[in-house]
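Notes to accompany the following structure.
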Amino acid sequence: MQYSGIDKAAIYSTDPQYASSPCASSPGFTALPNEIAFILNSFVDTKDDQPKEVQTNGFFFAGEKYFFVRADKNPDCLIGRKLKEGIVIYKTGSALFIAHHPSDILTNNVNEYVDAWARYLINAENAQG
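What the sequence shown shows, in the working numbering, is residues 63 to 191, in sequence order.
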């Protein structure tokens, strides 16, 4: 699959032991300390339908603040915006796929593309058992 709407991307492990450094990333697009832990925690269900901190305060990646747009389940997804730029984050059993798009690209297009990659990895993880 080839898609030119993503200008920066990163892949992080969901294992806390390895989540502090990327498995792969675009130059300069790496998380600061605690950003990955906060993002991973954003996927944990809250009790009694209480809003998550990410919903009220947004989140940071690579030192940039993003406002919460929406979160989805199956697969887990977090979408944020900074002015007209956006970020799409998908969580699988082993990885976080993080994709940034510039202001002239629609978030929905990036979301569909990253969703396909996340589902591919989820299917591979499930096949391994």
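Glycine is no exception: its CB is placed at the ideal position from the N, C-alpha and C atoms.
When the Cα atoms are used, what is the spatial distance from residue i to residue j?
i: Ala133; j: Thr92; result: 22 angstroms
i: Ile167; j: Tyr74; result: 24 angstroms
i: Ser88; j: Ser82; result: 16 angstroms
i: Pro26; j: Leu140; result: Outside the displayed span of the chain (63 to 191) sits residue 26, for which this structure offers no information.
i: Ala186; j: Phe122; result: 29 angstroms
i: Tyr152; j: Lys109; result: 22 angstroms
i: Gly125; j: Thr118; result: 18 angstroms
i: Leu183; j: Leu158; result: 11 angstroms
Whole-angstrom Cβ separation of residue i and residue j, contact assumed at under 8 angstroms?
i: Ser165; j: Thr76; result: About 29 angstroms separates the two Cβ atoms, so there is no contact after all.
How is residue i classed by DSSP in three states: helix, strand or coil?
i: Ala161; result: strand
i: Asp177; result: helix
i: Ile149; result: strand
i: Ile167; result: coil
i: Lys197; result: The chain is shown only over 63 to 191; residue 197 falls outside these bounds and no answer can be derived.
Quick check on residue i - is its C-beta less than 8 angstroms from some C-beta in chain C?
i: Gly148; result: This model lacks chain C altogether, as it is built from one protein chain only.
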